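Asks: FYI, in my numbering the residues of the sequence shown are 1 to 128. In this text, a Cβ means the ideal position worked out from N, Cα and C, and glycines have one as well. Being a predicted model, the structure only gives us computed values, none of them experimental.
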Amino acid sequence: MAQSHFAYDVYEDRCPTRLVLERLADKWALLILDRLKDGPVRFNALRRDIKRISQKVLAQTLRKLERDGLISRRAFPTVPVTVEYELTPLGKTLTETVSALAHWAEKNMDTILASQAAYDSATQSAGP
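#1: Using 8 angstroms as the cut-off, can you tell me whether the region 87 to 99 makes contact with the region 22 to 35, which would need three or more C-beta pairs spanning the two stretches below that distance?
#2: By DSSP, does Phe43 sit in helix, in strand, or in coil?
#3: Using the Cα positions of Glu106 and Arg47, report the straight-line distance between them to the nearest angstrom.
#4: Which two residues bound the contiguous alpha helix (DSSP H) that contains Thr82?
#5: Using C-beta distances below 7 angstroms, list every residue in its chain close to Gly39, excluding the 5 sequence neighbours before and after it, in chain order.
#6: Checking the sheet assignment: what are the DSSP bridge partners for Ile112?
#7: Where does Ile112 land, buried or exposed, given buried means 16+ other C-beta within 10 angstroms?
#8: Could you pull the start and end residues of the beta strand (DSSP E) that Ile32 belongs to?
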């Protein structure tokens, strides 16, 4: 793999790192990456475990993550075809960060909901 000599800066508007950050900011991508942290998972298991994700969105997100080199796809010659996904070595470097984000969200959700309710109440009573 060739190393680039380009100085990446996420604050520059044309920096390609923004595309990766955009991908990782996607809720479905984060949930998929977090689900794969314990090992390979079949497509249908991902769809079952990640509530409310459509088959189409799951397939699109998996393709994008595969293209970015974060996951790998393996198809088995069965009828019907069985497809399994797992984190690549690069994807595994994100597991701590993704798990920390998921844990932070779960831990702080009550506070966030209370803040949202207080904000909504204050802005509704303030008027236009």
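Replies: With the structure as the only source:
#1: yes
#2: To locate residue 43, count along the sequence shown from 1; it is residue 43. Residue state, collapsed to three classes: helix.
#3: By one-based count along the sequence shown, residue 106 stands at place 106. By one-based count along the sequence shown, residue 47 stands at place 47. So the alpha carbons of these two residues sit roughly 21 angstroms apart.
#4: In the sequence shown, residue 82 corresponds to position 82, counting from 1. Taken as a continuous stretch (DSSP letters only), Thr82 belongs to no alpha helix (DSSP H), being part of the beta strand (DSSP E) at Thr82 to Leu87.
#5: Within the sequence shown, residue 39 is the residue found at index 39, counting from 1. Result list for Gly39: Glu86, in chain order.
#6: Against the sequence shown, residue 112 aligns to sequence position 112. Ile112 pairs with nothing; no bridge assigned.
#7: Position 112 of the sequence shown, counted from the start, is the residue given in the question as residue 112. Result: exposed.
#8: Numbered from its first residue, the sequence shown carries residue 32 at position 32. Run containing Ile32: none in the beta strand (DSSP E); it sits in the alpha helix (DSSP H), Lys27 to Arg35.
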